[in-house]
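Asks: To start, I am sharing the structure in question, which I have written as structure tokens.
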Amino acid sequence: MPKVSKLVRLTLAAAIAASGAIATTTITATSAHAAAATSTVGGQITRSEVLQRAQYWLGKSIGYNQGGSYPDSSGRNYRTDCSGYVSMAWHLSYSPDTRAIWDAETYEIPRSDLRPGDVLDSYNDHVILFEKWDDAAHTKFSYYSFGSTPVSHVQGMSIDASRIDGHANGDYHARRYKKIVDDVQTRPSKVGVYHPANQTYYEGDNAGSTLGSAMFGNPGWKPIVGDWNKDGVDSIGAYDPDTATFYESNDNTNVSGSVKFGNPGWTLLAGDWNGDGVDSVGAYDPATGTFYLSNDNSTVAVKTTFGNPGWIPIVGDWNKDGVDSIGAYDPSTGTFYESNDNVNVSGSVKFGNSGWLPIVGDWNNDGVTSIGAFDPNTATFYLSNDNSTVATSFVYGTPGDIPITGRW
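Just so we're aligned: the sequence shown equals residues -23 to -1, 1 to 385 in mature numbering (1 follows the signal peptide of the UniProt record, and there is no 0).
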């Protein structure tokens, strides 16, 4: 059983004494996020999931036809017109018309309070799905519509335009679906360090200061970070590579669960592989470049080979779909490779210098994981928001520390 000690507030200062070299394989901490939970038909649904569902019909050659239907991502059919499209986005059990959306499914709100997943409904004619305000003054907005073939995504529409999507502005009323719920507010990813000499985790603020620290695990164990209980906050864990046993903590103090996964010598991963808002484990076999991902911390849901043997695994939500997927870092060239489907390369970029260690996180809280690097010789972090330029850099920890990332 790992030894633990209570999280305490302190300044880093001289608390970390230099010791040893960084382990040859870096444990990658997932950039956990408050992903849209999967709704049930006719049940509560988050705003982010509404927009994800709306995007499913976008770009498809679906003909506008009030007598036709088309399936959502799970195969449930909805009518192929404006109100059927909104019904699909809201995951309703049926396809009401614009009048029923008004009368049965929504209530009126001020236009100034429109939020993602709300609608502008013209009782007798048309309904559009509000995406977001395009400016702070709430004078322009973006929306999704199925008023004609194909489904459209319109940006920069004036809220005061005489006509919106072909219909008189004055006929529209701002309405809110009765079962829509706000998403859990997420935090930007921050870096930290793990000091292997005394098994201490230090959580940083991306500016060189410490937010908190905790001891967890035993000598020789590897650090890992994730949102184990769906509270939107990452906490710590540890992996015993000799026994392939993972220990997690929900309070950075006590062991809340443990599980054996993978084989001794493999690298443990954590990610939200199915978009349920909870991080679960995965494992990477460095000898073969094979990933094993689990949704229940027990059985293997995905087995896939990506990259080459000896590369370093990374995990992130590269395309803002609410699901973590894999990637790999080639230390010989300093190149990151990302995959959106756990099979194919969706993007690659060189970042950092030889001998640096890869890190990933949603540094600007835009819902997309981006890259960074850690220079172990100087304990300097370099973070990028666009996978190209350095957005910020700072020294944190001491040489010999292992970098970690999470939403503290």
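Just so it is clear, CB atoms sit at the ideal spot from N, CA and C, and this is done for glycine as well.
1. Quick check for students: name the residue ranges of the beta strand (DSSP E) that lie wholly in the stretch 215 to 293, counting only runs of 3 or more.
2. Tell me the rounded alpha-carbon separation between T357 and G45.
3. Nearest-angstrom Cα distance between G259 and S271?
4. Got a sec, what are the start and stop residues for the alpha helix (DSSP H) Q32 sits in?
5. Let me confirm a value: R30 is counted as buried when at least 16 other C-beta atoms fall within 10 Å, else exposed. Which label applies?
6. So the candidates are V210, P241, T116, D228; which of them puts its Cα closest to the Cα of W198?
7. So, using beta-carbon positions, are Q132 and S119 closer together than 8 Å?
8. Can you tell me whether D148 is helix, strand or coil according to DSSP?
9. Compute the distance between the beta-carbons of I78 and S60, then report whether it is under 8 Å.
10. Using DSSP's beta-bridge definition, name the partner residues of P48.
11. Nearest to Y33 by alpha carbon, out of S129, G147, W110, S226?
12. Tell me the rounded alpha-carbon separation between F268 and T282.
13. How many angstroms separate the CA atom of A368 from the CA atom of P335?
14. Quick one: what's H68 bridged to in DSSP?
15. K297 by DSSP, collapsed to three states: which one?
16. Using CA coordinates, which residue listed in S365, N364, Y359, G377 is at the minimum distance from G185?
17. Report the three-state DSSP secondary structure of T375 (helix, strand or coil).
18. Exposed or buried, which one is Y71 when buried takes at least 16 other CB atoms within 10 Å?
19. Is the beta carbon of P286 less than 8 Å from the beta carbon of Y261?
20. So, are the CB atoms of R164 and R384 less than 8 Å apart?
21. Over the uninterrupted beta strand (DSSP E) stretch that includes T357, give me the two end residues.
22. Should P127 be labelled buried (16 or more other beta-carbon atoms within 10 Å of its own) or exposed?
23. Taking DSSP as the reference, what is the three-state secondary structure of Y100?
Replies: In brief:
1. 222 to 225, 234 to 237, 244 to 248, 257 to 262, 267 to 270, 279 to 282, 289 to 293
2. Here residue 357 refers to the residue found at position 380 of the sequence shown. Here residue 45 refers to the residue found at position 68 of the sequence shown. Distance between the alpha carbons of T357 and G45: 58 Å.
3. Within the sequence shown, numbered from 1, the residue matching residue 259 stands at position 282. Within the sequence shown, numbered from 1, the residue matching residue 271 stands at position 294. Each residue's alpha carbon lies about 6 Å from the other.
4. In the sequence shown, residue 32 corresponds to position 55, counting from 1. Its alpha helix (DSSP H) spans residues 24 to 34.
5. What you label residue 30 is simply residue 53 of the sequence shown in a count that begins at 1. Its Cβ being crowded by 16 or more others within 10 Å, R30 is buried.
6. Here residue 198 refers to the residue found at position 221 of the sequence shown. The option with the nearest alpha carbon to W198 is P241.
7. Residue 132 sits at position 155 when you count from the first residue of the sequence shown. Residue 119 sits at position 142 when you count from the first residue of the sequence shown. Going by C-beta atoms, Q132 is nearer than 8 Å to S119.
8. As a first step, residue 148 must be located in the sequence shown, where it is residue number 171. It is helical.
9. Numbered from 1 along the sequence shown, position 101 holds the residue referred to as residue 78. Numbered from 1 along the sequence shown, position 83 holds the residue referred to as residue 60. Taking 8 Å as the Cβ cut-off, I78 and S60 qualify as a contacting pair.
10. Position 71 of the sequence shown holds residue 48. P48 is bridged to N54.
11. Here residue 33 refers to the residue found at position 56 of the sequence shown. Out of S129, G147, W110, S226, S129 has the C-alpha closest to the C-alpha of Y33.
12. Position 291 of the sequence shown, counted from the start, is the residue given in the question as residue 268. Position 305 of the sequence shown, counted from the start, is the residue given in the question as residue 282. Taking the straight line from one Cα to the other gives about 6 Å.
13. Here residue 368 is taken as the residue at index 391 of the sequence shown, counted from 1. Here residue 335 is taken as the residue at index 358 of the sequence shown, counted from 1. When rounded, the distance between both Cα atoms is 16 Å.
14. Against the sequence shown, residue 68 aligns to sequence position 91. Partner(s): none; H68 has no beta bridge.
15. The count along the sequence shown starts at 1 and reaches residue 297 at position 320. Three-state DSSP puts K297 in coil, outside helix and strand.
16. Within the sequence shown, residue 185 is the residue found at index 208, counting from 1. Comparing Cα-Cα distances from G185 to each of S365, N364, Y359, G377, the minimum goes to Y359.
17. Residue 375 sits at position 398 when you count from the first residue of the sequence shown. T375: coil per DSSP, three-state reduction.
18. As a position in the sequence shown, residue 71 is number 94, starting the count at 1. Exposed, since its Cβ has fewer than 16 Cβ neighbours within 10 Å.
19. Within the sequence shown, the letter at position 309 stands for residue 286. Within the sequence shown, the letter at position 284 stands for residue 261. Contact: no.
20. By one-based count along the sequence shown, residue 164 stands at place 187. By one-based count along the sequence shown, residue 384 stands at place 407. Yes, the Cβ-Cβ distance between R164 and R384 is below 8 Å.
21. Reading the sequence shown from its first residue, position 380 is the one you call residue 357. That run of the beta strand (DSSP E) goes 357 to 360.
22. Taking the first residue of the sequence shown as position 1, residue 127 is located at position 150. It is exposed - the Cβ of P127 has fewer than 16 other Cβ atoms within 10 Å.
23. Within the sequence shown, the letter at position 123 stands for residue 100. Coil.
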